[in-house]
Amino acid sequence: MSVEVALDHEFPGFALEVNFRIEQPGITALFGPSGAGKTSVVNAIAGLLRPRRGRIAVNGRVLFDSDAGIFVPPQARRVGYVFQEPRLFPHMTVEQNLRFGWRRSGRRASEDEIAHIVDLLGLGPLLPRRPRHLSGGEKARTALGRALLSSPEILLLDEPLASLDAARKAEIIPYLERLRDEARLPMLHVSHALDEVSRLADTIVLLNAGKVVAQGSVFDVLTDLALPDFTGASPYGAVLDAEIAAHRPDGLTVLRFAGGELIVPRLQRAEGTRLRVRVRAEDVMLALEAPKAISANNILAVTVEAVKPAGAAHADLRLRCGPTALIARITRASLERLALVPGTSAFAVIKSVTVAPQLDPPAT
Amino acid sequence: MRPRRNEAFRGIWSACAPGGAAILTPPEIEALLLSLRVSAVAVACALPLALLAAVLLSRTRFPGRPLVDGLLYLPLVLPPVAVGFILLSIFGTRAPVGGWLLQHLGIRFVFSWTGAALASGLITFPFQVRAIRLAIEATEMGLSEAAETLGAGRLDRLVNLTLPLALPGIVAGAITAFATSLGEFGAIITFVSNIPGETRTLPLAIYSALQTPGGEVEAARLSALSIVLALIGVTLAALADRRVRTLVGR
């Protein structure tokens, strides 16, 4: 399972020079501000854009190589593409839309697999309908199913959630999560929404002004102190991969992550469930001694790893808690008062933990 | 003037009133059926060519494309009589093409209803090309891109996506061409003359009636017939348009 992308293209007033590799299945977020060139990258992978120079290969199959003169046309690339708009064929029913790519795919999915995807995406009741009778969320799900049923080797998702309101987004995200956990194909998810990325992505390729500025696991990139330079005012914070360790009789749930435990109000899910937890930089306070009399439930022993000024009055600190990284945003006055420098041992007091899905209330 | 006008009204009335004396006389029925046949054949034969021209003009680039584009619209701006004359000088029995056709294939256009259909088809060709072309150009490129990533090649996309989505335009073009063709006069009378039962379509029959002393009533009846035909045509066009739009999900 590998995706290799190296491309070099010039648009009027904008140069795209991108180079990255994806080695594992799961969701890779192509993340960056609007105009960073994200859509151009996926268009190049799909063959809808022919870059001036470069090489693109999926699972070792070369789709484009300017030096070797290879350009596989889009219809032969076996790339599943879910566009920003659903782009469903209006003269066909949902079922005909779903079978459009399937019919033309070299390795047709069996009827069982079709039934499975229809079921996974909740498309059963929509099959006989025409696209104009579907809601935005239903259209997005149909477009996703249509791309999946073409038996692609890679799935490209170009902000399929961007045109949906918050409620519709919340409706689709669980489907994408199921797909991530179940599908054995790499997915490249274009997004400029940090909450989506922190919830869905395994790996992040951070794109800015046509260049890759950071690449790595979602846990590393989201705790990169340079990240706010590219994401602006978006909520900044760490993402942790956690597991429900125990439901305590006092109405709290213990989450275990690599490096420690977090306590949150009771989650209505079974012990052992894996989930993503988000700790915002503003919700992390620092103390040099372990606070004794304090209402916060979550206090973690950490080591300061790096410090970077943020704005006029603040500073961001990257903290280590075992193998896990956290981010704290404190004032510069506090930074100086506590004399925090890389290597300092401290205690992180966590005011609030957000557990995905956002349907669960934030914990205190 | 007065009695004439009254006669004209009576003519219109007798043509419209169901169960009135005799609704249509045999020559009127002949002209009507001939008109319908000429127009139907003209539109049906020109349609595949118009489709081809529209696809080539909207989806391909080739040298000389602007010239072809201009030539296609020529019948629209030329006087129909000139078109008829040009056809005569190409397909006349002593003209090169017409002579060859007659000698080797036994096909004769002049003084024949097929010639009337040829003239009508040519005059109304631009209407069809234009309507189909606009419809093709209006189909979203985004849908075509989506089909491409789903494995559909060029011809596949044309047949299964572009043309079905352009169907309302194709139908609209055909209906406009048919309606325009029913009224064609200049090119027909110049090219294939005015022969009852062979080339005398409704407009030519009206003209002939007016040339005959006391033929005003006849002319009025034929005009009324044309109006009824036009109304039926417009209604059918609206119905077809709605049906087709539902079919393609618009």
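First to last, the protein sequences are chains A and B. If you want our numbering, it's the 1-based position in the first sequence plus 20. Numbering follows our numbering, in which position 213 of the second sequence is assigned residue number 197; successive positions increment by one, without gaps. We put the beta carbon where it would ideally sit given N, CA and C, even for glycine. Bear in mind that the values here come from a model prediction, so they are computed numbers and not experimental data.
For GLY126(B), a Cβ of chain A is located within less than 8 Å of the residue's own Cβ. By the rule that beta-carbons nearer than 8 Å mark a contact, VAL114(A) does not touch chain B. According to the DSSP assignment, ASP201(A) belongs to the alpha helix (DSSP H) that extends over 186 to 202. Counting every other CB atom within 10 Å of its CB across the protein chains shown gives THR108(B) a total of 16 or more, marking it as buried. From the beta-carbon of PRO152(B), no residue of chain A is found nearer than 8 Å; the closest lies around 11 Å away.
Cβ contact annotation for THR174(B) (same chain, cutoff 7 Å, sequence separation greater than five): VAL65, GLY68, PHE69, LEU72, in chain order. Rounded to the nearest whole angstrom, the C-alpha separation of SER104(B) and VAL61(B) is 14 Å. Setting aside the 5 residues that flank it on each side, ALA131(B) is surrounded in the same chain by ASP140, ARG141, ASN144, LEU145, each with a C-beta closer than 8 Å to its C-beta; the list follows chain order. By DSSP's assignment, ASP178(A) forms a beta bridge with VAL210(A). In this chain, the beta strand (DSSP E) harbouring GLY257(A) covers 257 to 267.
If you ignore the 5 residues before and after ILE319(A), its C-beta comes within less than 6 Å of the C-beta of PHE367, VAL369, all in its own chain and listed in chain order. If you look at GLY80(A), you'll find it isn't in any beta strand (DSSP E); DSSP assigns it neither H nor E. Nearest to SER207(B) by alpha-carbon distance, out of THR160(B), GLY126(B), LEU51(B), GLY167(B), is GLY167(B). Among the residues facing chain B, PRO94(A) is included, as its CB has a counterpart in that chain under 8 Å away.
Boundaries of the alpha helix (DSSP H) around PHE111(B): 97 to 122. CA-to-CA, the gap between VAL217(A) and TYR195(A) works out to about 15 Å. Secondary structure within the region 52 to 90 of chain B: the alpha helix (DSSP H) runs of 4 or more consecutive residues, fully enclosed, are 58 to 61, 64 to 75, 80 to 84 (chain order). Using a Cβ-Cβ cut-off of 8 Å, ARG107(A) counts as an interface residue toward chain B, since at least one Cβ of chain B sits closer than that to its own. Chain order gives the chain B residues near ARG166(A) as ALA130, LEU134, where near means a beta carbon separation below 9 Å. For SER60(A), the nearest beta carbon of chain B is not closer than 8 Å to its own beta carbon. With respect to LEU205(A), ILE224(A) sits apart: the two C-beta atoms are not nearer than 8 Å. Between PRO255(A) and ARG300(A) the beta-carbon gap is near 6 Å, inside 8 Å, which marks them as a contact. The beta carbon of ALA115(B) is closer than 6 Å to those of GLY153, ALA156, GLY157 in its chain, skipping five residues each way along the sequence.
Its Cα nearest to that of LEU36(B), the residue ASP53(B) stands out among SER23(B), ASP53(B), VAL22(B), PRO47(B). Chain A has a Cβ within less than 8 Å of the Cβ of VAL232(B).
By the Cβ rule, the region 73 to 92 of chain A does not count as touching the region 125 to 142 of chain A, because fewer than three pairs are nearer than 8 Å. Of ASP201(A), ALA335(A), PHE31(A), the smallest CA-CA separation from ARG294(A) is found for ASP201(A). Considering only ILE211(B), VAL27(B), LEU17(B), the residue with the shortest C-alpha distance to PHE162(B) is VAL27(B).
ASP270(A): not part of any beta strand (DSSP E); DSSP gives it neither H nor E. Comparing C-alpha distances from GLY57(A) to each of LEU226(A), LYS312(A), LEU83(A), VAL99(A) shows the shortest one belongs to LEU226(A). Straight through space, the alpha carbons of SER372(A) and GLY52(A) are spaced by roughly 26 Å. Residue contact with chain B for VAL99(A): present (Cβ-Cβ distance below 8 Å to some residue of chain B).
Think of a sphere of 9 Å around the beta carbon of LEU68(A): the chain B residues whose beta carbon falls inside it are GLU129, GLU132, THR133, in chain order.
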